[in-house]
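Trainee: In our numbering, the protein residues as written are 29 to 161.
Glycine is no exception: its CB is placed at the ideal position from the N, C-alpha and C atoms.
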Amino acid sequence: MKPVKQDVGAPVEFSQMPYDPQLGDYPQLPAVSRQWRQPGDQWWDKQDRRNFGEPVHEQDEVLTVWAPDVYPVSGPSAIFQFSMACLVFTAFGVILSFVRPDRPAVPREYPYNGLAEHLGGEINKANTAEDEE
Numbered sequence: 029m030k031p032v033k034q035d036v037g038a039p040v041e042f043s044q045m046p047y048d049p050q051l052g053d054y055p056q057l058p059a060v061s062r063q064w065r066q067p068g069d070q071w072w073d074k075q076d077r078r079n080f081g082e083p084v085h086e087q088d089e090v091l092t093v094w095a096p097d098v099y100p101v102s103g104p105s106a107i108f109q110f111s112m113a114c115l116v117f118t119a120f121g122v123i124l125s126f127v128r129p130d131r132p133a134v135p136r137e138y139p140y141n142g143l144a145e146h147l148g149g150e151i152n153k154a155n156t157a158e159d160e161e
């Protein structure tokens, strides 16, 4: 069994945040997502990327590596990427509509106004060429 390292990171300077009476004397830690920490062997808890005895942030559940990822994409860049994806998708659909081959056969035509009387009325009649236009 491999012994656990007792490496302790550099001391962290905690900034004074506005006083929260619900926290009491608990340290006001900076809200930094753990996804920005380097993965590897330097952590006592490799899954959550934290060391033994390290104080936990008040909102730890939204700052761990299991929380939704924080994406470092600026707003204009995200809008540009989304619009390019929409443009490519739309262009693919338009090109596909022009390239699609015609039907290999003529659509079937039924006598007596699309067999309306035989199928039970106007609602149930077969589709005709006039209906499609």
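Thinking His85 and Leu57 are a contact (beta carbons under 8 Å), I'd like their distance in whole angstroms, please.
Mentor: Taking the first residue of the sequence shown as 1, we reach residue 85 at position 57. Taking the first residue of the sequence shown as 1, we reach residue 57 at position 29. So it is a contact: roughly 5 Å between Cβ atoms.
Trainee: Buried or exposed for Arg77, please, with buried defined as at least 16 other CB atoms from any protein chain shown within 10 angstroms of its CB.
Mentor: As a first step, residue 77 is located in the sequence shown; it is residue number 49 there, counting from the start. Buried is the call here.
Trainee: Nearest-angstrom Cα distance between Thr118 and Pro129?
Mentor: In the sequence shown, counting from the first residue as 1, residue 118 sits at position 90. In the sequence shown, counting from the first residue as 1, residue 129 sits at position 101. Between Thr118 and Pro129, the C-alpha separation is close to 19 Å.
Trainee: Is the stretch 61-69 touching the stretch 84-102 in the sense that three or more CB pairs, one from each, lie closer than 8 Å?
Mentor: yes
Trainee: Less than 9 Å between the C-beta atoms of Asp73 and Phe80, yes or no?
Mentor: Reading the sequence shown from its first residue, position 45 is the one you call residue 73. Reading the sequence shown from its first residue, position 52 is the one you call residue 80. In this structure, Asp73 sits near Phe80, with a CB-CB distance shorter than 9 Å.
Trainee: With respect to the alpha helix (DSSP H) encompassing Ala106, which residues constitute its N-terminal and C-terminal limits?
Mentor: The residue given as residue 106 occupies position 78 in the sequence shown. Here the alpha helix (DSSP H) through Ala106 covers 103-127.
Trainee: Can you give the beta carbon distance from Val116 to Ser61, rounded, assuming they're within the 8 Å contact cut?
Mentor: Within the sequence shown, numbered from 1, the residue matching residue 116 stands at position 88. Within the sequence shown, numbered from 1, the residue matching residue 61 stands at position 33. With a Cβ gap of about 31 Å, Val116 and Ser61 do not count as contacting.
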